[in-house]
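The block underneath contains the structure these notes are about, expressed in structure tokens.
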Amino acid sequence: MENLANLESGGHTHAHAFDSKAVKREIWRITLYLSILTAVELGFGFLMMPWPEESLKRHLVKGIVLALMLWKAFYIIGYFMHLRHEVRNLIMSLAIPALLFIWFIFAFLNEGSAYKRERARFEPYHVERAKLMMPVQEQPNPDVTHHMDVPKPEATPETK
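Heads up: the sequence shown begins at 102 in the numbering used here, then just goes up one per residue.
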């Protein structure tokens, strides 16, 4: 009978499988780790605020912050969605579509700008039209409060 209980628990004893103190300790450890990662991300964010928008330093820091965010996402998925203790095939069946989804986002963003470039190359009319100045619109009459309230011209001696 003991072998049957051992087989049903996956080879673990019940005391080991449901050690609530160890589980709580692991949750607090991961939460602290994720909090530290968040603080580092915020530190990098505040560090790069005074830098010019197009500087190389700023882009490198943005890349570091993006990598830290992905690292945090994998930790959250692994620990709080309980995928860390699952079989490898289940993890891969979720991770590969997620990575493909991220790739699709980058591909579609790049494709959108490619359409704009190609349209300008093959239809130069659109480029020339974009360079034209828009005509200045007439200023509205301050006496008119509604388009139906157009003031009537006053009678002048010539029209009488």
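Each residue gets a CB set at the ideal place from its N, CA and C atoms; glycine is no exception. Predicted, not measured: the structure shown is a model, and the values here were computed from it.
For residue 198 and residue 189, the rounded distance between their alpha carbons: 14 Å
Apart from the five residues just before and just after residue 165, which ones in its own chain have a Cβ nearer than 7 Å to its Cβ? 145
Report yes or no: do three or more beta-carbon pairs, one from the region 205 to 225 and one from the region 178 to 189, lie closer than 8 Å? no
Cβ neighbour criterion (16 or more within 10 Å) applied to residue 121: exposed
Where residue 107 sits in the DSSP three-state scheme: Interpretation of residue 107 is limited by its pLDDT of 48, a score under 50 that renders its predicted location unreliable; the figure taken from the coordinates is listed afterwards. Reduced to three states, the DSSP call for residue 107 is helix.
State the Cα-Cα distance for the pair residue 171 and residue 138, rounded to the nearest angstrom. 11 Å
Which of helix, strand or coil does DSSP assign to residue 188? coil
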